[in-house]
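Counted the way mature numbering (1 follows the signal peptide of the UniProt record, and there is no 0) counts, the sequence shown spans residues -23 to -1, 1 to 116. Think of the CB as a built atom: it goes at the ideal place given N, C-alpha and C, for glycine as much as any other residue. Please read all numbers here as calculations on a predicted model, not as lab measurements. This report refers to the structure that appears directly beneath it.
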Amino acid sequence: MRKSIMSKIFVILTCFGLIVTFAACSGQKESGPDYADDEAMSVISQGLEKRFAIVDQQDSDDNSGAKTVREAVNTELNTDKPLKDRQYENSKLQEQVIGYINVLEESLGVIDKYSYESTEYVENGQKFMTREHRFSKLL
């Protein structure tokens, strides 16, 4: 009789354990992909704000213009670049975000290639500013 009671208790505890396990597993929500669509504009905006803050801090009499611009673009790029590897629900938005980040990366090449006050720098820099503006309007 004692053996019968022990086996019934064992069965009841086992069933209770299974019920608790199934209840805990069913309570977990299935997480889908972590899309960047909702936060992309906020991140890009933060990057631009950081970039403008660095440029605004530059003293107008300061001769370190190229250094400041490089620092500003790098700061924006470091803020925005994680968006490049994220998944997007809207492929058009993904294309535009990646295009904008590519323009930032390419603009660093202009900063490194040309003297800050040269005509080539101004001409090429203007092209990138126009492209950045175009991308930011699309976003």
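Item: Three-state secondary structure (DSSP) of residue 159; Value: Outside the shown range of the chain, which is -23 to 116, sits residue 159, and nothing can be said about it.
Item: Burial state of residue 89, where buried means 16 or more other Cβ atoms lie within 10 Å; Value: exposed
Item: Beta-carbon spacing of residue 24, residue 56 below 8 Å; Value: yes
Item: Beta-carbon spacing of residue 14, residue 67 below 8 Å; Value: yes
Item: Other residues of its chain near residue 28: CB distance less than 8 Å, five sequence neighbours each side excluded; Value: 49, 50, 52 and 53
Item: Neighbour-count burial assignment, residue 34, 16 or more Cβ in a 10 Å radius; Value: exposed
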